[in-house]
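Colleague: Supplied in structure tokens, the structure appears directly below.
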Amino acid sequence: MISEVLSSIKDVAIYPIVTLLIFFAAFLGAVVWTLRLQKSEVARISRLPLDDTFGSDHEGEQHNG
Amino acid sequence: MNFGISWLTYGRLQPLHTNAVIFAFVGNGIFMGIYYSLQRLCKARMFSDMLSRLHFWGWQLIIVLAAITLPLGITTSKEYAELEWPIDILIAAVWVIFAVNMFGTIIKRRERHMYVAIWFYIATVVTVALLHIVNSIHIPVDLFKSYPIYAGVQDALVQWWYGHNAVAFFLTTPYLGLMYYFIPKASGRPVFSYRLSIIHFWALIFLYIWAGPHHLLYTSLPDWAQSLGTVFSIMLIAPSWGGMINGLLTLRGAWDKVREEPVLKFMVVAVTAYGMATFEGPMLSIKSVNALSHYTSWTIAHVHVGALGWNGLLTFGMMYWLIPKLFNTPLYSKKLANFHFWISTLGIVFYAVPIYFAGWTEGLLWKQFTAEGLLQYPNFLEIVQQITPMYHIRAFGGALFLIGVFVMGYNLFKTAKAGVAVDNEEAQAPALAAGFSEKFNIKEGWGHRWIESKPMRFMVLALIAVAIGGLVEFIPTFLVKSNIPTIASVKPYTPLELEGRDLYIREGCNNCHSQMVRPFRSETERYGEYSKVGEFVYDHPFLWGSKRTGPDLHRVGGKYPDAWHYQHMEDPTTMSPGSVMPPYPWLITDKLDVSNTSKKISVMRSLGVPYDEGYEVRAVDDLRMQGNAIAKRLEEAKIVTEWDSEIVALIAYLQRLGTDIKVKEQAGQ
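Have a look at this one:
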């Protein structure tokens, strides 16, 4: 039954394959980006919960000010 | 046991229990943790104190309304979505308030990076909104009653897409976010691997949404959808364990602190429970395992490891860490907190282990055949009685856990009394230089940064990631509708049966009885012909159930005489000695409310149920006629009743159940 519906769509087999490729590419992109992150940056952002300073030495200032 | 009081019936209280655990306990736990951590991670105060207050009181109002309406039998019957449509709208409104407040805070944040915990919060807010809205599309009959637009297999698929992802995006993702904040906080160490947290976040939210059909294995759901559910569930082990490992390894080199700090003890066992539950979940999604586990107490044990262990203990850990901070004083008693830790851990063990055994016992005995090929336990009750002692041990475990909660309450109360509430804590950093994010995009190029610097963009991407899974499963299943060879003999319910069905929903019968005979010999021997997808096309909502505390009812129609049902509902033990089903005396004394019957027929027709145009006018007459016929049959069995007592409607429905295809068989012979 379900195959009848699906077979009525032209070239239906291409859709799941395209979807798979897109998602796999996106996932790979995330992995590559993650691996290429700078060590110092990772160290900084992973300490965010521990950073309770709210004074003027806040790093956002340093980076952008 | 309900002392003859309708609102104390298990069928009505069970949904209250699940709703209270999920939306009251865990919901408030989420909000508590998010309101604390979000402001500190964004280095900005909440967007609007007014919205925070509206959110808090709105949510508590929803909980109160749930506690009132569910025992009154005002329910949609869909698990964890039982609340009727006016409350659903209120939930949506309060959720939007929360979302605006949260995104407002993230947008005005004074820390350029969105820490991983915030991603989990965003995924939670977006996905819960999506799930809640899609699953709650109902057409109202009146203020207290509505029918879902989906029927049968489609309703089942949408419901379990929702139900499973309520687990994923209400009980899991927000708590992972909290884990990523509070474990580093309590241990004074950064998360083990920030890179792992990124990868496991995207993998988790993408995979989770597909897994819903594993709640419907071996049902009438099309096979391909079942397989999708299984495959994605098994893949889920990877990101789930990624999170667990990341949480536990955060404590590497700090295990000495775990020995001394009750906060960390709670968190370690919580994350361990998360790991166990997310290993077990995929295993239960394997069809051959599910064949044994489904409808048994095994699932109940599984969810309690998650709820008591993961959600419960992580919440307790958070509270032991937060309350002293909020009152600027040390914890009143570390000793009591340690006692709480041990008694709650033991409580979980005493709770879960016997229920696992109960589940295996049920699953195995249901399927046990004698050497001659007959069911060894044809009497369902015999199996129920086998597991009663395990239920007693389970109650003991639950009591231990509860004692722990009271001890915590006392401990935290004393702590709060000793300190002074810190109404406002500095959490705001100076403003970032204007236009920082644009500048920084150009400078650092195209990467994850592009996503995470803009919360709205992040939200849209998260939404796409979760929406795909739903669409791929829904679209074909919905397209099938017009192509399903509707079984010709399957007809809409008569008005009396429809009213009886609504009583079945009101009493929560579906919480203990399934209506889905799986295609196993052990089930067709016990219950009759297995259930076909075409038999449910007029079922708004579907009532397949997910637990068999009592036997399946899909083929109960015509199995017993009307008088049997009458007496069984009045006092189940007269017909089934040793039955654990509560009595329903009010069904016999209360009159059926037919004031809405015409409206119900109209609503059903608007949903595609083929009642003739204008049938609603004659519906009550037909109802009376059928009611009188049943009353007459009961009279022959020396039972005096009126056509309009509730029991008559319920009997009409029960006698109709699963009989449509029998008509066909007889006609064919």
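Going down the list, the protein sequences come from chains C and D. Position 18 of the first sequence, counting from 1, maps to 18 under the numbering used here, and the rest follow consecutively. Position 126 of the second sequence, counting from 1, maps to 126 under the numbering used here, and the rest follow consecutively. Quick reminder that beta carbons are idealized off the backbone N, C-alpha and C, glycines included.
#1: Can a CB atom of chain C be found closer than 8 Å to the CB of D:V191?
#2: Of the choices D:W161, D:F339, D:S197 and D:Y162, whose alpha-carbon is the least far from that of D:L178?
#3: Determine the closest residue to D:M114 out of D:P572, D:P455 and D:S522, with distance taken between C-alpha atoms.
#4: Note down, in chain order, every chain C residue with its Cβ under 7 Å from the Cβ of D:P184.
#5: Would C:F23 count as contacting chain D if we go by Cβ distances under 8 Å?
#6: Does the separation of the CB atoms of D:I205 and D:T173 fall below 8 Å?
#7: Quick check on DSSP: helix, strand or coil for D:I139?
#8: Quick check on the burial criterion: 16 or more other C-beta atoms within 10 angstroms. Buried or exposed for D:A431?
#9: Hey, would you say D:I118 sits closer than 8 Å to D:L61, going by beta carbons?
#10: Nearest CA to the CA of D:D590: which residue from D:F357, D:L308, D:T641 and D:A273?
#11: Taking the alpha-carbon positions, what's the D:M32 to D:H55 distance?
#12: For a cutoff of 8 Å on Cβ pairs, would you count C:L20 as touching chain D?
#13: Counting only runs of 3+ residues fully inside the segment 310-366 of chain D, write out the beta strand (DSSP E) ranges in chain order.
#14: Hey, how far is the Cα of D:L284 from the Cα of D:N290?
#15: Reducing DSSP to helix, strand and coil, say where D:K547 ends up.
#16: Go through the segment 606-635 of chain D residue by residue and report every complete run of the alpha helix (DSSP H) that reaches 4 residues or more, in order.
#17: Please list the partners that C:L35 has in chain D, where partner means a Cβ-to-Cβ separation under 8 Å.
#18: Does any residue of chain C have a CB that is nearer than 8 Å to the CB of D:F327?
#19: Any idea what DSSP makes of D:L236, helix, strand or coil?
#20: Who pairs with D:L375 in a beta bridge, going by DSSP?
#21: At the level of alpha carbons, what is the spacing between C:R47 and D:L16?
#22: Just to check, is the beta-carbon of D:W57 closer than 7 Å to a non-hydrogen atom of the ligand ATP?
#23: Name, please, each residue of chain D whose Cβ falls closer than 7 Å to the Cβ of C:I89.
#24: Examine the Cβ distances between the segment 556-575 of chain D and the segment 103-114 of chain D and report whether three or more of them are shorter than 8 Å.
#25: Can you list, in chain order, the residues of its chain with a C-beta nearer than 7 Å to that of D:Y208? Leave out the 5 residues immediately preceding and following it.
#26: Quick one: residues in its chain with C-beta nearer than 8 Å to the C-beta of D:S606, no 5 flanking neighbours on either side, listed in chain order?
#27: I'd like the list of long-range same chain contacts for D:S531, defined as Cβ closer than 7 Å, with 5 residues on each side in sequence excluded.
#28: I want to see whether chain C comes within less than 8 Å of D:L41, judged by CB atoms only; does it?
#29: Could you tell me whether the Cβ of D:F536 comes closer than 8 Å to any Cβ of chain C?
#30: CB-CB under 6 Å to D:E473, same chain, minus the five flanking residues each way: which ones, in chain order?
#31: Which residue spans inside the segment 60-145 of chain D form an unbroken alpha helix (DSSP H) run of at least 4?
#32: Please report whether the beta-carbon of D:Y530 lies at a distance below 8 Å from any beta-carbon of chain C.
#33: With DSSP as the reference, label C:M1 as helix, strand or coil.
#34: What did DSSP end up calling D:Y10 once you bin it into helix, strand or coil?
#35: For a quick check, are the C-beta atoms of D:M604 and D:H513 less than 8 Å apart?
#36: Count the CB pairs spanning the segment 290-310 of chain D and the segment 356-373 of chain D that are closer than 8 Å, and state whether there are at least three.
Modeller: The structure says:
#1: yes
#2: D:S197
#3: D:P455
#4: P49 and L50
#5: Cβ-Cβ to chain D under 8 Å: yes for C:F23.
#6: One thing to note: D:I205 has its Cβ within 8 Å of the Cβ of D:T173.
#7: strand
#8: exposed
#9: no
#10: D:T641
#11: 12 Å
#12: no
#13: Runs of the beta strand (DSSP E) inside the segment 310-366 of chain D: none found.
#14: 5 Å
#15: strand
#16: Qualifying alpha helix (DSSP H) stretches: none in this window.
#17: The contacting residues are R195.
#18: Using beta-carbon distances, D:F327 does not count as an interface residue toward chain C, since no partner is under 8 Å.
#19: coil
#20: D:F369
#21: As the crow flies, the alpha-carbon of C:R47 is around 41 Å from that of D:L16.
#22: This structure simply doesn't include the ligand ATP, nor any ligand for that matter.
#23: This structure cannot speak to residue 89 of chain C, because chain C is shown only from 1 to 65.
#24: no
#25: N165, A168 and L236
#26: Within the same chain, D:S606 has close Cβ partners I139.
#27: S220, M516, V517 and H554
#28: yes
#29: No, D:F536 lies away from the interface with chain C (no Cβ there is under 8 Å from its Cβ).
#30: A225
#31: 85-107 and 116-135
#32: no
#33: Note that C:M1 scores 45 on pLDDT, short of 50, meaning its location in the model is unreliable; the coordinates nonetheless yield the value given after this. In the structure shown, C:M1 sits in coil (DSSP, three-state: anything other than H, G, I, E or B).
#34: helix
#35: Going by beta carbons, D:M604 and D:H513 fall outside the 8 Å limit.
#36: yes
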